[in-house]
Structure formats: structure tokens, C-alpha cells
Amino acid sequence: MNTSALSPQQTPVVPGLAGASSSARIILQGALAGLALVFVADALAISPADLQQQLNGGESLTLIDVRSASLFEQGHIPNAINIPAAVLPQKELPPLGRVVVYDDGLGSEAAPTAVAVLNRKSGIAAEALEGGLAAWESAQSPTTRPRGMQPEALPMITYDRLKSASAEDLVLVDLRQTAGRAAPKAAAAGAPPPLTDLRAEFPNARITRSPFASAAPKAAGAAAANSRPPLLVLIDGGDGAAQLMARALKANGNQRFVILAGGEEILARKGQPGLKRTSASVLTPPVAAASTNINR
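Written out as C-alpha cells, the structure reads:
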């Protein structure tokens, strides 16, 4: 199925649904169209290593950064142009030829969606950068970020965004400690409630206690060298362990990680907001400021 030829109003016709209700046909056709879009987006992708090699070899291509203008100004791949994902469908573009699109690589689906949008435009053949800017930086590839000390900015991810992220790209890093986490007020007089079962909450995601043991991609052999690192999701119990681990990952050159905003507290509430802030990870105003690079 060539989803690049579909307009936003079109859905593929699914054989065998003639007798189904119109609402059932719409739901099933939409679901299949979404799955096809995922498959096509996965096929139209390039690894950071391959992109760097082609740029070094003088390959003619256009880099498009689909993050916000403010994040683009903070740092981007050299010679990239900035077209935020929200305005890309309405943007009139010349026939650019080959295009490589990237987002932040921190749980966003902006790049695959942008690839589908661009491939509907005349004279453009687009593909996504695997792992986005985070994977590019983790590979020690150049960016325009200024050198030297910079204000600390640890990327965050919300519960809802994590639930909708592709599990194949995730490694959940369980940093929770029963004795160290802040217990809800209702359980303050007794033992804290059991921790959320991550395997039940995210059945298809990989789970580890050490990010350094799981930083390598699942692929083996020579192909692993060109594969993007997984997105590490740091989950603590509100004791600051995720922030400490994030700093350790940055010191080791790994930029492809996010902290689950709210940690165990937000897992226990299934993403629902609480009446009180009971941990350092559930600070709503700072989270909104720090996560502008992933929650657009």
C-alpha cells in the first residue's frame, strides 16, 4: 500500500467490509492506514552513521528540522533548514529532490509524519533520520550547539506520550526503590503500596535496571553499528534518581533519553493529575518548560 499517495481525506478500501456498518468501516480502514503509514515510515529512514557518511561524501540532499523555531535556534545539524511540523502541510516548497527529515528523537512521531507529508509534494523524496537529533548527537556528529557549559536541560516525557510511543524503540529504565520513594498520603501510616508493574503497563517494551547494559540496539553484528540507540525512559520513585542517571548518561555521550514526568506517582494514577505535588518529578510548571522539545 502506497500511503504517500493518500490525501488526508482518503482511506484505503478494505475488501470484505461491504456488509459492515459505516462507522466500523471507517475505524478499520483508519487503523489499517495508520499501520501502513508506520511500515512505510520505517522503510524510509536513514541511520545517523549513513547520513554522516553521505554528507562527508558530498551527497546532494536537504536536511529539514521539524522542531520548533526556538529549539532549532538552540542547536541543529549544520546546514539544516527549519520547517516546524505544524506548518509543513501548508508549506509550498520547490522540488528539493532528496530530503532527510529529523525531529528531537525523544518519543515524538513528527519526523515519520513529515516524511509522509513531504512525499506527497512534487519533486521531493523524503526519509527520516533514525533516532532524530538525539541519536545524531549520541553518535558525536556535529551540531551548531555552542561549546562549553550550558544550562542543564533534562528532557521529560508525559505518561500519555509514553503510552502512545512505539514500544519497539523503548527501553524502560526502572530506577524505583520501595524504601526511597514518596508514598501517597493515604498510605503514609503503613507500608507503601506496591510499585506499578511495568511489564503489565507497557507489555511490549524492554525493561532494565541499568541503562548501560541496554544501550546497545537489539540488532546484532555489523548492522548494529548503524542502528539507532533505543530511547531510554528513566523512571524513579520521586527521589531524584532519574535526574542523577540522566546526568550520567549525558556524561557518557548518550543524548537519547527522557525522564518520565511524575515517575511512580504518575504511573500509579494512570496519568491522572493529583491534588498535591508529592515528589520532585511532579512539578507541573517546570516540566512544561523543560519538555518543550518533546511535547509539541
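Under the numbering used here, the first residue of the sequence shown carries the number -15, and numbering increases by one thereafter.
Where a beta carbon is used, it is the ideal one built from N, C-alpha and C, also for glycine.
The model shown is predicted, which means the values in this text are computed figures rather than measured ones.
Query, Result
"A151 versus D158: straight-line alpha-carbon distance, rounded", "15 Å"
"Reference Y143; option with closest CA among Q74, L102, G91 and D49", "G91"
"Collapsed DSSP secondary structure at L72 in the structure displayed", "helix"
"Cβ contact check for the stretch 93 to 108 and the stretch 121 to 131: 3 or more pairs under 8 Å", "no"
"P32 burial status per 10 Å Cβ neighbour count (16 or more: buried)", "buried"
"Distance CB(E111)-CB(I30) smaller than 8 Å", "yes"
"Host alpha helix (DSSP H) of L251 (start-end)", "G247 to A252"
"Through-space distance from A235 to G221, alpha-carbon basis", "23 Å"
"Proximal residues to T46 (C-beta, below 6 Å), its chain only, five neighbours per side dropped", "L80 and V83"
"Limits of the unbroken alpha helix (DSSP H) element including V50", "Where V50 is concerned, there is no enclosing alpha helix (DSSP H), given that its DSSP letter is neither H nor E."
"Inter-residue spacing [alpha-carbon to alpha-carbon] between P291 and G107", "The structure shown does not extend to residue 291, since the chain spans only -15 to 280, so no value can be given for it."
"For D220, three-class secondary structure by DSSP", "coil"
"Proximity of I48 and V85 at Cβ, strictly below 8 Å", "yes"
"Helix, strand or coil at L244 [DSSP, three-state]", "strand"
"Classification of L228 by the beta-carbon crowding that lies within 10 angstroms, buried from 16 upward", "exposed"
"Terminal residues of the beta strand (DSSP E) in which D158 lies", "L154 to D158"
"Nearest-angstrom Cβ-Cβ length linking G115 and R240, presumed shorter than 8 Å", "6 Å"
"Among G247, P257 and K147, nearest to E93 - alpha-carbon criterion", "K147"
"Bridge partners - V291, DSSP secondary structure assignment", "This structure gives no information on residue 291, because the portion of the chain shown stretches from -15 to 280."
"Between the CA atoms of S122 and L28 - distance to the nearest angstrom", "21 Å"
"Extent of the continuous beta strand (DSSP E) to which R145 belongs", "From DSSP, R145 is part of no beta strand (DSSP E) but of the alpha helix (DSSP H) over Y143 to S148."
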